[in-house]
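J.: Numbered according to numbering that gives the first Met the number 0, the sequence shown spans residues 0 to 327. The following block contains the structure, expressed as structure tokens.
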Amino acid sequence: MKLPPSCRLLLLPAAAALALLALHARRPAVPAAGTAPPPAPTRRPGNAAEPTRHPLQPPYPYPYRFLLNHPDKCRERAPFLVLLVVTSPSDLAARHAVRRTWGDEAAVPGLSVLRLFLLGVHPVFDAELRPVLQEEDALHGDLLQQDFADTYNNLTLKTLMGFEWVSRFCPNASYVMKADHDVFLNLEYLAGLLRPPKNDFVTGYVYRRTGPLRDRAYKWFVPREVYPNDTYPPYCGGPAYVLSADVARRVFGVAQTLPLINMEDAFVGICLHALGVAVTEPPPGAFSMYRLEYERCRFSRLVMVHHYGPRELLRLWPRFRNASAPCP
């Protein structure tokens with residue numbers, strides 16, 4: 000019996016996991032992310048004299064190709080918020096949970112939201128995941144993928160892919176939000192902070208007077224060859240931050256002229272500094288970089304809480320959206 004696409008897709012996470020485990024047992028180990036540069040597409044003309052790149056420095060600018068794309072999404076609409084959600088190719092369960100919770104485009108009445116997931120290419124199981132992703136995208140129409148290796152040290156490329164998409168295909172949006180999949184988002188509260196629409200606006204959990212970690216033991220290690228300064232300009236923490244669409248477009252533009260670093264959120268801060276755009280402090284506690292235990296009234300007065308996985312989101316979201324008791 001042939002199952003309909005919606006039923007088949009519900010079986011994909013388990014099937015994909017079993018396939019990955021079986022293939023992993025047959026394949027040799029691969030280096031950890033960041034130990035070697037990912038394969039890069041052909042250089043753009045005129046870059047023959049480019050200096051040697053450090054293995055932790057994402058290759059850029061390169062003409063990365065869209066493998067999955069939706070260039071017509073904004074042709075007949077001007078979304079108030081483009082929600083760019085970072086996931087890896089194998090994160091089917093996370094994307095499923097986001098679609099059914101805070102990433103539901105219709106979750107907030109009167110708020111025009113466009114949701115897109117950002118993916119690179121799985122460094123080991125690309126061929127096996129490709130048909131799975133194509134079927135998922137055919138059903139939901141919300142995957143963006145380019146042909147760079149999907150590794151931690153390439154997160155900067157993933158965010159720039161999202162900003163490139165907004166710049167090329169959705170210039171009429173008002174705001175862009177970059178969010179990780181393991182967060183709890185309250186878009187209704189966020190919308191109140193963003194109205195009326197603003198330009199030159201960036202907000203999130205703001206880091207000031209921080210610097211790169213030089214110890215190789217940390218996954219956030221940034222050598223001086225990649226970033227020589229002792230401090231970063233102010234920037235917003237990577238789990239979730241918001242930019243007016245004009246700033247997202249300008250960040251993508253200036254990124255073509257700056258050496259990339261492997262810390263995605265700090266690199267966006269470097270771009271903002273180059274553009275002369277200041278970050279705006281949000282209301283106190285609105286963006287929580289650390290996990291908070293769920294409490295409905297507390298969560299109703301914040302934008303983001305980090306470290307919420309798919310099962311918790313699916314369990315808590317109905318309680319959050321359907322509660323009728325007023326908050327003090």
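Glycine included, every Cβ here is placed at the ideal spot set by N, Cα and C.
Are the CB atoms of L291 and R297 within a distance shorter than 9 Å?
T.: Cβ distance < 9 Å, so R297 and L291 count as in contact.
J.: Only counting the same chain, and skipping five residues up and downstream in sequence, which positions put a Cβ closer than 6 Å to that of L128?
T.: Once the five neighbours on either side are set aside, the close Cβ partners of L128 are P88, H121.
J.: For G284, which option in K72, G203, D199 has the closest C-alpha, if you only look at C-alpha atoms?
T.: Residue G203 is the option with its Cα nearest to G284.
J.: Decide if the segment 190-208 is in contact with the segment 237-244; the criterion is three or more beta carbon pairs, one per stretch, under 8 Å apart.
T.: Counting Cβ pairs under 8 Å, three or more are found: they touch.
J.: Looking only at its chain, what residues have a beta carbon closer than 7 Å to the beta carbon of L259, apart from the 5 residues adjacent to it on each side?
T.: Result list for L259: Q56, P57, Y59, T155, F266, in chain order.
J.: Establish whether the CB of Y231 and some CB of chain D are separated by less than 9 Å.
T.: Here there is only one protein chain, and chain D is not present.
J.: Could you have a look at T100 and say whether DSSP puts it in helix, strand or coil?
T.: T100 falls in the coil class under three-state DSSP.
J.: Where do the ends of the beta strand (DSSP E) carrying D179 lie?
T.: Taken as a continuous stretch (DSSP letters only), the beta strand (DSSP E) holding D179 covers 174-179.
J.: For the structure I just gave you, are there three or more beta carbon pairs, one from the segment 181-191 and one from the segment 95-107, closer than 8 Å?
T.: Output reads yes: the segment 95-107 touches the segment 181-191.
J.: Just the Cα atoms here: how many angstroms apart are A39 and G308?
T.: Note that A39 has pLDDT 37, beneath the 50 cutoff, so the model's placement of it is unreliable and the number below is only indicative. For A39 and G308, the distance between alpha carbons rounds to 32 Å.
J.: Have a look at the DSSP bridge pairing and note the partners of T230.
T.: DSSP lists no partner for T230.
J.: So what does DSSP say about V182, is it helix, strand or coil?
T.: V182: strand per DSSP, three-state reduction.
J.: Check each candidate in G161, L313, D264, R249 and name the one with the smallest Cα separation from P211.
T.: The candidate whose alpha carbon is nearest that of P211 is D264.
J.: Among residues of its own chain, excluding the 5 on either side of A322, which ones have a beta-carbon nearer than 8 Å to its beta-carbon?
T.: So the qualifying residues of the chain are R295.
J.: In three-state DSSP terms, what is S299?
T.: Looking at S299 - three-state DSSP - the assignment turns out to be coil, as it is neither helix nor strand.
J.: So, R99 versus W316, is the Cβ gap smaller than 9 Å?
T.: Against a cut-off of 9 Å, the Cβ pair of W316 and R99 comes out as a contact.
J.: Go through its chain and collect everything with a Cβ distance to L17's Cβ below 8 Å, but skip five positions before and after it.
T.: Annotation note: pLDDT 44 at L17 (below 50); position unreliable, coordinate value reported separately. Within the same chain, L17 has no close Cβ partners at all.
J.: Going by the CB atoms, is the gap between G102 and D146 shorter than 9 Å?
T.: Cβ distance not < 9 Å, so D146 and G102 don't count as in contact.
J.: So, at 7 Å on beta carbons, what are the nonlocal neighbours of D149 in its own chain, with the 5 sequence-adjacent residues on each side left out?
T.: The answer, listed in chain order, is S87, P88, L118, G119, V120, H121, P122.
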